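Chemist: Protein sequences appear in the order of chains A and B. With the first letter of the first sequence counted as 1, position 140 gets the number 140 in the numbering used here; the numbers rise by one all the way through. Convert by adding 142 to the 1-based position in the second sequence; the result is the number in the numbering used here.
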Amino acid sequence: MLDLFWVEFKRSWLNLRRYPSEFVGAVVTLSILFLLLFLGARFLAGPSAEFGERTEALLAGFLLWTLTLFSYSSLSFGLSEEAQTGTLEQVFLTPYGPIPLLLVRNLAGLGTQLLLMGSIALVLLLITGARLSFTPCCCYPS
Amino acid sequence: MTAVLEATGLHKRFGKLVAVEEVSLHLAPGEVLAFLGPNGAGKTTTIKMLAGLLFPDQGQVRLMGKDPHRDPWALRHLGAVLEGNRNVYWRMTAQENLVYFGVARGLRFAEASRRAQNILEQLGLVEKSRTEVRHLSRGMQQKLSLGVALMHHPELLLLDEPTLGLDVESALRVEEMVRGLAREGKAILLTTHQLEVAQRLASRLAIIQRGKILLEGRTTEVLGRFAGEHYVVELETPLPPERLASLRALGLEGEGPSYVYHGDGEGLWRLLEALKPWPLKKVARAETDLLEVFLKVVGRA
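1. Counting only C-beta atoms, is Asn15/A closer than 8 Å to chain B at any point?
2. Should the segment 338-356 of chain B be called in touch with the segment 379-392 of chain B, which here means at least 3 C-beta pairs below 8 Å?
3. Can you give me the C-alpha to C-alpha distance between Ser73/A and Leu30/A, rounded to a whole angstrom?
4. Given a cut-off of 8 Å, decide if Val162/B and Thr188/B are closer than it, judged by their beta-carbon atoms.
5. Taking all protein chains shown into account, do 16 or more other C-beta atoms lie within 10 angstroms of the C-beta of Asp406/B, making it buried, or fewer, making it exposed?
6. Once DSSP output is grouped into helix, strand and coil, what is the label at Leu58/A?
7. For Phe5/A, which residues in the same chain have their Cβ closer than 6 Å to its Cβ, ignoring the five residues on either side in sequence?
8. What's the gap between the Cα of Arg325/B and the Cα of Arg228/B?
9. For Pro198/B, count the other beta carbons within 10 Å of its own beta carbon; 16 or more makes it buried, fewer makes it exposed. Which is it?
10. Contact check, Ala329/B vs Ala193/B under 8 Å by CB: the rounded distance?
11. Using the rule of at least 16 other Cβ atoms within 10 Å of the residue's Cβ for burial, across every protein chain shown, is Asp302/B buried or exposed?
12. Which same chain residues, not among the five before or five after Arg280/B, have their C-beta less than 7 Å away from its C-beta?
13. Starting from Pro95/A, find everything on chain B with Cβ-Cβ shorter than 8 Å and list it in chain order.
14. What number of angstroms, rounded off, separates the C-alpha of Trp13/A from the C-alpha of Thr112/A?
15. Between Phe23/A and Leu249/B, what straight-line distance do the alpha-carbon atoms span, to the nearest angstrom?
16. What are the partner residues of Ile349/B, as DSSP defines its beta bridges?
17. Can you have a look at Ala45/A and say buried or exposed, based on whether 16 or more other CB atoms are within 10 angstroms of its CB?
18. Taking 8 Å as the CB-CB cut-off, is Met234/B touching chain A?
19. Could you compute how far the alpha carbon of Leu16/A sits from the alpha carbon of Thr333/B?
20. Taking a contact to mean a Cβ-Cβ separation below 8 Å, would you say Leu347/B touches Leu175/B in this structure?
21. Pick out the complete alpha helix (DSSP H) segments inside the segment 257-341 of chain B, 4 residues or longer, and give them in chain order.
22. Round the Cβ separation of Val91/A and Glu81/A to the nearest angstrom and send it over; I've been treating them as touching at under 8 Å.
23. Using a Cβ-Cβ distance under 8 Å, would Val27/A count as near chain B?
24. Which residues does DSSP pair with His211/B in a beta bridge?
25. Could you tell me whether the Cβ of Leu107/A comes closer than 8 Å to any Cβ of chain D?
26. Looking at the unbroken beta strand (DSSP E) that takes in Glu148/B, where does it start and where does it end?
27. Taking just the CA atoms, how far does Thr362/B sit from Ser400/B?
28. Is the segment 230-245 of chain B touching the segment 202-218 of chain B in the sense that three or more CB pairs, one from each, lie closer than 8 Å?
29. Quick one: what's got a C-beta closer than 7 Å to Met117/A's C-beta in the same chain, skipping five residues either side?
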């Protein structure tokens, strides 16, 4: 299974490295989406609205929401993409069984998704001037 | 000889449509079985059931004695090149695809890397090992698909239209590879609409239509059976009409100088006696080809 994880990780990393425009496109699109939400909220709340420290909370919430959405949708999106490109049957011919393979694929894909989230966070921190500070310990499950 | 593949009494229904009915197939090591049929006959449904991709409503499949529907590790014995599918990832190189699918089929990473190198050498793709699949020609992609199917040393290969869309040279190379694999002892189930390819490669054939197997047997025996009692009688010059009219009664057909005789050996000798002293060029038993057999079987059904 470790070998399977490694080849899946390598596969998603190669896709990312060979097609950087897709990565940049995702960063730009999601950053614009956040800004539209952010500016839209300010427009609705009126010119006197001041988000103050809530910008950081909004940003952290947006990033987590996007990561969760990506993790959930990547499986169904991946399956429909495999069906379209004609590799689905080959994936299902694995002796590990399709469900374990797809779970390993999702786990391995988390690495590239975290990289995407990190890039979006950097762009948005620069644009909005917000600052996020947290200790690495908060990543450990309690 | 132990069967590599043993499928018995397969049934599959999609709503009211009976796709496959009472299909049984078996394959021994080194055998090439051509599984033929018109579009919509049930070939792909059968293949998907054999590969564990589709559950049969009734019947069972055994790959080296194991049921792929209950024990996924039975799939270690199976490699497949499926028609209409890319079978490989276009964004990865030939070598990366081989290693990925090798590991996905149960090999360790180091073993898959070694095996990928061997396969690339066998397929003559070493120079293209670092080329992304989308930049390879169709023939190379097809060879790579075959390589992916062979990565984990399967005993059974399911090849769905392996030469479709290939140029003559590439198709002949793939044919030679299939022959070589059969010589190595792989059992191969080949589905194709290219009947001349099937005739050249298959040691046995099965024809399916409307979900039922209409004909199964050794290729040479089937061809012999369908050739029947026909002889080609070729003369140096055509017979005059009055002479031909008298010989028609003995079973001679066609317009000269090449005629066909329908009948048994005894009747042929009577005809030859009657032809005397007209100069003969050739007398031979008429041969049939798989296309003719296929059309007769499917047409009769």
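Backbone N, C-alpha and C fix where the C-beta goes; we use that ideal spot for every residue, glycine too. This structure is a prediction, so every number in the text was calculated from the model and none was measured.
Modeler: Reading off the structure:
1. yes
2. no
3. 15 Å
4. Cβ atoms of Thr188/B and Val162/B: closer than 8 Å.
5. exposed
6. helix
7. Val104 and Ala108
8. 27 Å
9. Counting Cβ neighbours within 10 Å, Pro198/B comes out buried, since at least 16 surround it.
10. Rounded, the Cβ-Cβ distance is 14 Å, inconsistent with contact.
11. Label assigned to Asp302/B: buried.
12. Gly307 and Leu308
13. Pro214, Trp215, Ala216, Leu217, Arg218, Arg247 and Gly248
14. 7 Å
15. 31 Å
16. BP columns for Ile349/B point to Leu178/B and Leu357/B.
17. Its Cβ having fewer than 16 others within 10 Å, Ala45/A is exposed.
18. yes
19. 37 Å
20. Taking 8 Å as the Cβ cut-off, Leu347/B and Leu175/B qualify as a contacting pair.
21. The segment 257-341 of chain B contains, as complete alpha helix (DSSP H) runs of 4+ residues, the segments 280-292 and 310-325 (chain order).
22. Val91/A to Glu81/A, Cβ: 11 Å. No contact.
23. no
24. DSSP, once it has assigned bridges, lists no residue as partnering His211/B.
25. Here the protein chains are A and B, and chain D is not one of them.
26. Leu147 to Phe156
27. 26 Å
28. Contact between the segment 202-218 of chain B and the segment 230-245 of chain B is absent: fewer than three C-beta pairs spanning the two stretches fall below 8 Å.
29. The residues are Leu63, Thr66 and Leu67.
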